[in-house]
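Novice:
Chains as they are written, first to last, in my numbering: chain P, 1 to 148; chain D, 1001 to 1148; chain R, 2001 to 2148; chain G, 3001 to 3148.
1) Could you please give me the residues that DSSP links to residue 2013/R through a beta bridge?
2) As a quick exercise: from 1061/D, 1143/D, 1020/D and 1026/D, pick the residue whose alpha carbon is nearest that of residue 1128/D.
3) Where does the unbroken beta strand (DSSP E) through residue 2115/R begin, and where does it stop?
4) Give the single residue among 1008/D, 1093/D, 1099/D and 1005/D whose Cα lies nearest to the Cα of residue 1147/D.
5) Quick one: is residue 3113/G buried, meaning 16 or more other Cβ sit within 10 Å of its Cβ, or exposed?
6) 8 Å is my cut-off, CB to CB: does residue 1144/D come that close to chain P?
7) Any chance the region 2017-2033 of chain R sits against the region 2123-2141 of chain R, with 3 or more Cβ pairs inside 8 Å?
8) Measuring only the C-alpha atoms, how far is residue 34/P from residue 2004/R?
9) Kindly list, in the order they appear in chain D, the residues whose Cβ is closer than 9 Å to that of residue 63/P.
10) Would a C-beta distance cut-off of 8 Å place residue 3021/G and residue 1117/D closer than the cut-off?
11) For residue 131/P, collect the residues of the same chain with a Cβ closer than 7 Å to its Cβ; drop the 5 residues on either side in sequence, then sort them by chain order.
12) Can you check the region 3019-3072 of chain G for any alpha helix (DSSP H) of at least 4 residues that lies completely inside it and give the ranges in chain order?
13) Is the CB of residue 80/P under 8 Å away from at least one CB in chain G?
14) I need the DSSP call for residue 125/P, collapsed to helix, strand or coil.
15) Taking residue 3063/G as the reference, give the member of 2011/R, 2049/R, 2088/R and 2071/R with the closest Cα.
16) Measure from the alpha carbon of residue 2049/R to the alpha carbon of each residue in 1012/D, 1088/D and 1016/D, then state which is nearest.
17) State buried or exposed for residue 1079/D, treating a residue as buried only when at least 16 other CB atoms are found within 10 Å of its CB.
18) Measure the alpha-carbon distance for residue 2038/R versus residue 1090/D and round it to whole angstroms.
19) Give me the Cα-Cα distance between residue 3077/G and residue 3102/G, rounded to the nearest whole angstrom.
20) Is residue 3032/G close to chain R, meaning its C-beta is less than 8 Å from at least one C-beta of that chain?
21) Quick check on residue 2083/R: does DSSP put it in helix, strand or coil?
22) Under 8 Å between the Cβ atoms of residue 2124/R and residue 2001/R?
23) Measuring CB to CB, does residue 2098/R end up less than 8 Å from residue 2082/R?
24) If distances are taken between C-alpha atoms only, which option among 2110/R, 2122/R and 2084/R comes closest to residue 2006/R?
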């Protein structure tokens, strides 16, 4: 993975109850890790991610997740979660995530998640708003694709 | 979704702690639902899914998950989880899953998960064993593809 | 445990991701099981437990949990969760729960949880309402204590 | 809470999926927080808490948990988890935990958990070993009670 394209990372430590009977992190837990990355990313670029915002007039919903699992993470390992916005289309955008074990740089998992901007009253998709576009654009500089 | 191709379904009820602050089932929880479906499927066709088996000489690992989210599931709804094996290749196979709300048949989510057969000592992939092929084949009849 | 005093039970099956690296159900998961029991109990006696109700004028909050762990539950075991209301005081009440493995009646865990009735605007405790008292009383008959 | 008696603390941030439909941390999640505190405590004083150790000749099992819930924690709050060993008896010991919100010092929850030392072959309780007693004693100094 070319990690140079990512301008945001966090670290987290694998907790004992995230590990399953095979002694490795359970496959659904990685979705939590990628989501922690996305939320920290949004906070970092100045987007409000409180529950109040999320229940306001427009709402962002997740419509797709793709995860590839490489090598398993284990209890007490420190993981680095890389997060970026890969593209913004008219009414949707995609996050890309990547997880490696911090010290060995062992490749753990990657993720694409697709999110749609919804109008709360009509339940129809609407244009990703300009504040969001601007904040992503000024953080990511040239690396995010605007596809429309 | 053409649910006729599925010969295995289970029902489960959404639990209150599976619902997030948006009052809908959290996106990672659906991976748990699909996995419950897969485990019940394997038990149903006579495959041993105990921890002992899982830690034996050959081990099946998940290498990819794809989930599409349609309409959200909510607290206390009864969901129907459809599960089938879509294909078996030389050393891998894929499950397909589909979730609908039972009474309204509202489309909730679908899933493809890809699994690889590993040799525990060499950590290399190995041929999906014949017992597994036979059990899947006799349960699914003609609907599973053998791609090798 | 004298299970005769319980007039409500449900059954649930241990899911693979509820089991930890010791191959037994993780200690925090039992709190989920007891809560599933309480919610089904409330639904059964006719109490509305939707999110809307929960965010209405009065709100019930949990203030204490006590769990004793006896023998561990394991993957795929079927558990029976017994639930009753043990007492109702002026502004609080307690649930009692008990879990056994269904076929062997192996003793798994027990629980007392204490809940307080709050006024949403003042955030002060208020009297447990009469509808709740009546429904519990007519379901439990003489076995619940009214301590006021 | 007199936090002066605690010589070990960690900080953790509330994750979005730990928050329930009431917009507050779900009651079972606090058990995870206290456990994270205990594991970091054990690592800090030099006790091996890997899965391998845990499945070795003697095993420590949890037999009781008591949690009092004070004020709710919310999404994105930073929490401080205090952990200490309160007493060591012949074959059991107890952890005490306390959680406060870091900036306001708002009181969130406290916990007592009781653990028993087991012989893996006989399944009977055995004396808490001397290495454990010594490490706890030298870390806690006079504040831990040895009750036997």
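All residues carry an ideal CB built from backbone N, CA and C; glycine is no exception.
Specialist: In this structure, then:
1) According to DSSP, which records beta bridges pairwise, residue 2013/R is partnered with 2078/R.
2) If we check each option's Cα against that of residue 1128/D, 1061/D comes out closest.
3) Per DSSP, residue 2115/R belongs to the beta strand (DSSP E) from 2107-2119.
4) Checked all of 1008/D, 1093/D, 1099/D and 1005/D; the closest Cα to residue 1147/D is 1093/D.
5) Here residue 3113/G is buried: its Cβ has 16 or more other Cβ atoms, across all protein chains shown, within 10 Å.
6) Interface with chain P (8 Å Cβ-Cβ cutoff): residue 1144/D is excluded.
7) Touching, no, given that fewer than three Cβ pairs across the two stretches are closer than 8 Å.
8) Taking the straight line joining both Cα atoms gives about 47 Å.
9) Here the neighbours are 1068, 1069 and 1070.
10) No.
11) Excluding residues up to 5 positions away in sequence, nothing lies with its Cβ nearer than 7 Å to the Cβ of residue 131/P in the same chain.
12) Here the runs fully enclosed are 3029-3045 and 3051-3054.
13) Not an interface residue.
14) DSSP places residue 125/P in the strand class (E or B) of the three-state scheme.
15) That would be 2071/R, whose Cα lies nearest to the Cα of residue 3063/G.
16) Distances from the alpha-carbon of residue 2049/R to those of 1012/D, 1088/D and 1016/D put 1016/D closest.
17) Buried.
18) The alpha-carbon of residue 2038/R is positioned some 48 Å away from that of residue 1090/D.
19) Looking at the two C-alpha atoms, the distance is approximately 8 Å.
20) Interface residue, yes.
21) In the three-state DSSP reduction, residue 2083/R falls in the strand class (E or B).
22) No, the Cβ-Cβ distance between residue 2124/R and residue 2001/R is not below 8 Å.
23) With contacts defined as CB atoms closer than 8 Å, residue 2098/R and residue 2082/R qualify as a contacting pair.
24) Closest in C-alpha terms to residue 2006/R, from the list 2110/R, 2122/R and 2084/R, comes 2084/R.
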